Amino acid sequence: MSLQSIPFEQLDEVLFHEKLANGLDVFILPKNGFNKTYATFTTKYGSMDNHFAPPGQEATKVPDGIAHFLEHKMFEEEEGDVFNDFSKHGANANAFTSFDRTAYLFSSTKNVKENLTTLINFVQNPYFTDENVEKEKGIIEQEIRMYQDNPDWRVFFGLIEAFYHNNPVKIDIAGTVESIYEINKDMLYTCYNTFYHPSNMLLFVIGPVDPEDIMSLVRENQAAKDYQEQPEIQRLFDEEPNQVSIPRHEIDLSIGQSKCMMGYKELALGLQGPELLEQELATSLLMDLLFGQSTDFYQSILEEGLIDDSFGTDYNLEKEYGFSVIGSNTKDPDAFISRIKAHVQETKEKGIDANHFERNKKKKIGSFLRQLNSPEFIANQFTRFEFNNMNLFDVIPTLESITLDQVQQRLQDHFKDEQFATCIVR
Amino acid sequence: MTLPFLTEKVNDIPVHIYPTDKYKTNFISLYIRQPLADEHHTKVALIPQILNRGTEKYPTAGQFKQALEELYGASLNADVMKRGEEQIIVFRMQMANEKFLSDQTPLLEKGIELLSEVLLRPLTENDSFVERHVDIEKELLKRRLEQIKDDKMRYANKRCVEEMFAEERFRLFSNGSLDQIIDLSPKQLYQYYRQMIESHPIELFVAGDVDKDQVKNTVQQHLQLPRGEQIKMHGTEIKKEVVEEREVVERTKISQGKLHIGCRTATVYNDDDYVALQVCNGVFGGFSHSKLFQHVREKESLAYYVSSSVESHKGFMMIMSGIEFKNYQKTVDIIKQQLKETANGNITDEELNQTKAVLVNQILESEDQPFQQMERYMHGIIGRQQRPSEELIEKINQVTKEDIQKVAKKIKVDTIYFLTSEEEGE
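This is how it looks when you write it as structure tokens:
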């Protein structure tokens, strides 16, 4: 196989792609004129993957927070801390774990090849000892406690817990202080060996680079490593009932101003590719049409003092889960909730204004172009899109193709009273 | 690249233009400078928000947001910040470049027009801002300020600064004070706004795929601010001596202690040893290879985050960490010990070289970000000395261990602030 170029003319970009023999997907997007190169090496493995069968073995359940724990531990090598190798070469390195993926990354303006080699090698070289695993527990405990004190994080996770009975998306990404103390080095190796196979991973490089140059580095690096072909990973999910788990979830944090998040649990799941993209974009357009800052509704609840400028909405959709989020700091959570519900009901009856719809499409297109200035956005989102068999560069044409009817249909399908849940932190 | 901005005076305002085809959008920033002062800082925090609420042409916030949507979701944000003892209003605007759209409306020109509308024709009644708009924004500001105590990290930061600079203007918070909001009348606010745009220093920046003359013409035509005699910025008071180290302990319901240590560096932006201070901060606490991270987190597992950062104009360094309550003294001791090590010149070649490489990388990366470049240029204006990238990089590379030692010896711990739990200790 060789390097394929994929032009996106409207956006004036050319993307390069190659799939290596060991299954690794490599994408390169040259950005001439920029100083910075940004690279991410991502595995399709996140906090949700807590029940699975390692190749050729029985199914196993692992402690909460293990994917994130593993992320922390990958940075330690026998020779010491891999951050040192990056900073020696002027690079800024980091990593993050989400529900469904773990990404390792660096950015640098020089020594791109050295840094890229460091990135690939450290992620492909686990080094766990009883001692270094123990040492990490204190650090992660402090990370968990930091989030415990963060009311925005608590209200968001509280809402997810309110939606789900069994789906592991409701597990806090870092786990709990108790669960991380159950983790040992053997469990880390089991997870590593299952999910860090190149065929479950994607490398993305964006910056002022020569694609052929980068590609030959990656080819040589991978050819020197011995990977056996791995069968598809068996991920096990308990069945999730349609109804929400806790319609109203309250958490006491003794904060001055309450925070309230609410939303609707998505039932139209299992989508991949263009269908997933369409549903995602149509619903997020709809969220803006209902609650955007240009709407009379937003301005009136703001003027009434029910919300403040922390108000925001979101729509999350993956193969295994999906939900909308509407949230704000509020003086009166109950009044806020009932205004939102009434507004949804009223819009369902009245329908959506065609001019408003067209204007919002423009806005979404412009915001997307703004995001394309960011190498971080492109690399991270492209990876998420690819893991769902979608293409990031299809966003503008898909947005353009969405019709008012589609959005009206989503309004009827997604915003169902029985799918509603809320979380209040006060 | 040296300084990318070409500066011209148009309608008595310096306009800094950076033509580049690297981005898919165009960027505008407008800065209004203001001496930080008790009698004005809350007004200054409110005014940009009131301006964003409506203009003659778009009398409601909803209509104004719709106008932005029409410009393909142009963004216009107003922010207030503190640089030394200056309080600065900044409007940042970003809009798509029409060359990536099927619709060829000249968006940059429309953007400048809209910004002018906000600044020159805010909605008024009887030579005053509209009372209803003022009331809404007062309420929102009040809530923003009240909510700081719910965000423990921000709260600890603000409290440490207030305690440390109790006798200096620097204690004032850029977003104003709660106790002043109620007394501000729409008329007073409007008069102060008029005074501000007539007599305060203003800087305008434009970056993107733009033509210099065209930008000049557009600004000339649309942005005719009523400029009169200019006020003098009276600079920042820099106290170099610490009379007595202070310890402040506060209690609240919290699961992780917040340790914030304020130091006086006695070194500011236009000092010769400013660059040495930056390198010193990098060796001591700015990065993950720094002494603080290595000793507090990696060796002792006391914290998830620990870092130091330098405020460039006041000669102020803040150290921050989140720790278990009982580890307070131990952590303080380690931090002080590491500061001492730095001042004694116990710095390895590796620490020095890593820090230099990472700092140089940061500077080069910031060149990819137009808003960051504008920000850097503003630092130069405030500090009365531009530090172009090339020169800065050269100076960084010349810094020796002795230089760091010298500058570190001047750093004195002033105030140790600890936010801890209600139950712990005493």
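Chain order of the listed sequences is A and B.
Using our numbering, you'd call the opening residue of the first sequence number 1 and step up by one each time.
Using our numbering, you'd call the opening residue of the second sequence number 427 and step up by one each time.
We put the beta carbon where it would ideally sit given N, CA and C, even for glycine.
Model, not experiment: these values are computed from the prediction.
Status (buried if at least 16 other CB within 10 Å, exposed otherwise) for residue i
i: Arg620(B); result: exposed
i: Glu852(B); result: Residue placement at Glu852(B) is flagged as unreliable, the pLDDT there being 46, under the threshold of 50; the coordinate-derived value follows with that caveat. Looking at its Cβ environment, which holds fewer than 16 other Cβ atoms inside 10 Å, Glu852(B) is exposed.
i: Leu460(A); result: This structure gives no information on residue 460(A), because the portion of chain A shown stretches from 1 to 426.
i: Thr846(B); result: buried
i: Val395(A); result: buried
i: Thr468(B); result: buried
i: Glu777(B); result: buried
i: Thr531(B); result: exposed
i: Pro151(A); result: buried
i: Arg580(B); result: exposed
i: Met427(B); result: Residue placement at Met427(B) is poorly supported in this model, since its pLDDT is 46, which falls under 50; the coordinates still yield a value, given next. By the neighbour-count rule (16 or more Cβ atoms within 10 Å), Met427(B) is not buried but exposed.
i: Arg547(B); result: exposed
i: Ser528(B); result: exposed
i: Asp210(A); result: exposed
i: Pro397(A); result: exposed
i: Leu411(A); result: buried
Reference residue i, options the options, closest by Cα
i: Lys331(A); options: Lys350(A), Glu349(A) and Asp308(A); result: Asp308(A)
i: Lys613(B); options: Asn552(B), Phe596(B) and Met744(B); result: Asn552(B)
i: Ala504(B); options: Arg810(B), Asn601(B), Ser716(B) and Lys684(B); result: Asn601(B)
i: Gly741(B); options: Ala834(B), Pro548(B), Gln824(B) and Ile538(B); result: Ala834(B)
i: Met187(A); options: Lys348(A), Thr403(A), Ala67(A) and Leu253(A); result: Ala67(A)
i: Phe85(A); options: Gly65(A), Phe99(A) and Phe106(A); result: One point to set straight first is that residue 85(A) is Asp, not Phe, in the sequence displayed. Measuring from the Cα of Asp85(A), the nearest candidate turns out to be Phe106(A).
i: Leu494(B); options: Asn478(B), Gln513(B) and Ile515(B); result: Asn478(B)
i: Thr295(A); options: Leu253(A), Thr283(A) and Asn355(A); result: Asn355(A)
i: Leu20(A); options: Glu229(A), Pro375(A) and Lys361(A); result: Glu229(A)
i: Ile574(B); options: Glu565(B), Lys584(B) and Gln763(B); result: Lys584(B)
i: Glu434(B); options: Gly488(B), Glu676(B), Tyr616(B) and Val632(B); result: Val632(B)
i: Tyr192(A); options: Pro375(A), Asn125(A), Val112(A) and Val244(A); result: Asn125(A)
i: Pro63(A); options: Phe75(A), Asn50(A), Pro55(A) and Pro54(A); result: Asn50(A)
i: Gly273(A); options: Ile160(A), Gly158(A) and Phe385(A); result: Phe385(A)
i: Asn92(A); options: Asn111(A), Ala224(A), Glu318(A) and Ile160(A); result: Asn111(A)
i: Lys836(B); options: Gln764(B), Thr691(B) and Asn696(B); result: Thr691(B)
Extent of the continuous beta strand (DSSP E) to which residue i belongs
i: Lys19(A); result: Glu13 to Lys19
i: Val675(B); result: Arg672 to Thr678
i: Gln455(B); result: The sequence given here has Ser at residue 455(B), not Gln. Start and end: Thr451 to Pro461.
i: Val437(A); result: Nothing can be reported for residue 437(A): it is not among the residues displayed for chain A, which extend from 1 to 426.
i: Gln199(A); result: Per the sequence shown, the amino acid found at residue 199(A) is Ser instead of Gln. Segment: none, Ser199(A) is in no beta strand (DSSP E) and carries neither H nor E.
i: Thr313(A); result: Gly312 to Leu317
i: Asp25(A); result: Asp25 to Pro30
i: Arg509(B); result: Ser501 to Arg509
i: Arg248(A); result: Arg248 to Ile251
i: Ser328(A); result: Gly322 to Thr330
i: Ser734(B); result: Ala729 to Glu737
Residue i, enclosing alpha helix (DSSP H) - first and last residue
i: Thr757(B); result: Tyr754 to Ala769
i: Tyr147(A); result: Asp130 to Gln148
i: Thr194(A); result: Lys185 to Phe195
i: Met804(B); result: Pro796 to Ile808
i: Leu286(A); result: Gly273 to Phe291
i: Asp577(B); result: Element bounds for Asp577(B): n/a, residue is neither H nor E.
i: Thr118(A); result: Val112 to Val123
i: Tyr298(A); result: Asp296 to Glu303
i: Val407(A); result: Leu404 to His414
Any non-hydrogen atom of the ligand HEM closer than 7 Å to residue i Cβ
i: Pro168(A); result: Because no ligand of any kind appears in the structure shown, any question about the ligand HEM cannot be addressed here.
Which runs of the alpha helix (DSSP H) spanning at least 4 residues fall entirely within the stretch 624-699 of chain B, listed in chain order?
-> 638-648
Name, going along the chain, the residues of the stretch 827-838 of chain B whose beta-carbon falls closer than 9 Å to a beta-carbon of chain A.
-> none
Anything in the stretch 780-794 of chain B with a Cβ closer than 7 Å to a Cβ of chain A? List those residues in chain order, please.
-> Gln780, Ala783, Val784, Val786, Asn787, Leu790, Glu791, Glu793 and Asp794
Check distances from the C-beta atoms of the stretch 728-741 of chain B to those of chain A and list, in chain order, the residues that come in under 8 Å.
-> Leu728, Ala729, Tyr730 and Tyr731
Closer than 8 Å, Cβ to any Cβ of chain B: which residues of the stretch 273-307 of chain A, in chain order?
-> Gly292, Gln293, Ser294, Thr295, Asp296, Tyr298, Gln299, Leu302, Glu303 and Gly305
At a Cβ cut of 9 Å, what residues of the stretch 25-51 of chain A count as close to chain B, listed as they run along the chain?
-> Lys31, Asn32, Gly33, Phe34, Asn35 and Lys36
Chain A contacts made by the stretch 509-527 of chain B, where a contact means CB separation under 8 Å | Gln520, Met521, Ala522, Asn523, Phe526 and Leu527
Name the residues in the stretch 3-16 of chain A whose C-beta lies less than 8 Å from a C-beta of chain B; which are they?
-> Gln10, Leu11 and Asp12
Pull out every residue of the stretch 681-704 of chain B whose Cβ sits closer than 7 Å to any Cβ of chain A, in chain order.
-> Ser681 and Gln682
Residues from the stretch 345-362 of chain A in contact with chain B, defined by Cβ distance under 9 Å = His356, Arg359, Asn360 and Lys362
Just list the alpha helix (DSSP H) runs in the stretch 532-572 of chain B, keeping only unbroken ones of 4 residues or longer that don't cross its boundaries, in chain order.
-> 533-546
Check each residue of the stretch 573-596 of chain B: if its Cβ is closer than 7 Å to any Cβ of chain A, include it; give the result in chain order.
-> Gln573, Lys575, Asp576 and Lys578
Can you give me, in chain order, the residues of the stretch 800-831 of chain B that have a beta carbon less than 8 Å from any beta carbon in chain A?
-> none
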